[in-house]
Amino acid sequence: MIGIIKRTFYDAPPSQIHYRYILTSVNAKKELVVFMHQSASCEWCYESMMKEYSERGHDCYAPDMPGFGGSYDPAEDPTSTRYYVEIYMGLFCHLHLPKMHLVGHHSGAALALEMRRFIQEEIFTCTLSAPALATPEEQGAMFKTLAAEWSKPKEDGSHLTKA
1 MIGIIKRTFY DAPPSQIHYR YILTSVNAKK ELVVFMHQSA SCEWCYESMM
51 KEYSERGHDC YAPDMPGFGG SYDPAEDPTS TRYYVEIYMG LFCHLHLPKM
101 HLVGHHSGAA LALEMRRFIQ EEIFTCTLSA PALATPEEQG AMFKTLAAEW
151 SKPKEDGSHL TKA
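Structure below.
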């Protein structure tokens with residue numbers, strides 16, 4: 001029998017974080033799985049995977065990133081990804097989540113990797129979906145382009161107007 005995916009909120013310090021979760025009905029429980037969506041998306045994209053993993057014995061959680069889905073929209077743009085990581089870590093702590101597997105897609109993958117740096121002992125694995133792939137030659141060419149003079153930060157922010 002498939003469990004029911006539930007929706008609820010966590011009162012983060014700035015405001016509410018929306019998340020979905022499903023608790024497995026399988027007797028032999030396996031490790032927890034947390035799904036992290038990309039920006040300009042929401043946790044709903046993981047609903048079918050959550051059902052599949054629940055059938056296989058995993059409890060699953062999928063929070064909405066601040067600014068997306070049902071979560072609050074930050075008053076100001078966060079200055080770094082650490083902002084999101086700290087919000088997620090607060091949610092995990094509040095829920096008393098056990099050691100987990102993280103699954104991240106695009107920007108969710110970047111957040112999963114950064115989170116692993118801070119709570120390594122709480123994470124079994126990080127599964128990254130859609131990271132940028134490039135050969136060593138392509139990486140070198142990208143670095144030359146991105147490290148060019150036009151891309152170096154300027155105090156007045158004018159570097160952001162060039163591409």
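Numbers 1 to 163, taken from the UniProt record's numbering, label the letters of the sequence shown in order. Glycine residues also receive a C-beta, built at the ideal position from the N, C-alpha and C atoms.
Expected contact under 8 Å - CB spacing of residue i and residue j to nearest Å
i: Pro74; j: Pro14; result: 7 Å
i: Val34; j: Tyr72; result: Not confirmed; about 19 Å, so no contact.
i: Ile17; j: Pro78; result: That belief does not hold up - the Cβ atoms of Ile17 and Pro78 are roughly 14 Å apart, past 8 Å.
i: Ala12; j: Ile119; result: Going by Cβ atoms, the distance from Ala12 to Ile119 rounds to 17 Å, so no, they are not a contact pair.
Residue environment, residue i, which counts as buried when at least 16 other CB atoms sit within 10 Å
i: Glu138; result: exposed
i: Thr24; result: buried
i: Met65; result: buried
i: Arg56; result: exposed
i: Ala142; result: Note that residue 142 is Met in the sequence shown, not Ala. Met142 comes out exposed.
i: Ser54; result: buried
Member of the options whose CA lies at the smallest distance from the CA of residue i
i: Ser107; options: Met115, Lys144, Thr125; result: Met115
i: Ala112; options: Glu122, Cys126, Met100, Glu121; result: Cys126
i: Phe92; options: Tyr21, Lys30, Ser129, Gly70; result: Tyr21
i: His96; options: Tyr10, Lys6, Ile2, Ile5; result: Tyr10
Assigned secondary structure, residue i (DSSP; H/G/I helix, E/B strand, else coil)
i: Ile4; result: coil
i: Val33; result: strand
Enumerate, from N- to C-terminal direction, the unbroken beta strand (DSSP E) stretches of 3 or more residues contained entirely within the UniProt domain "AB hydrolase-1" (35 to 157).
60 to 63, 100 to 105, 123 to 129
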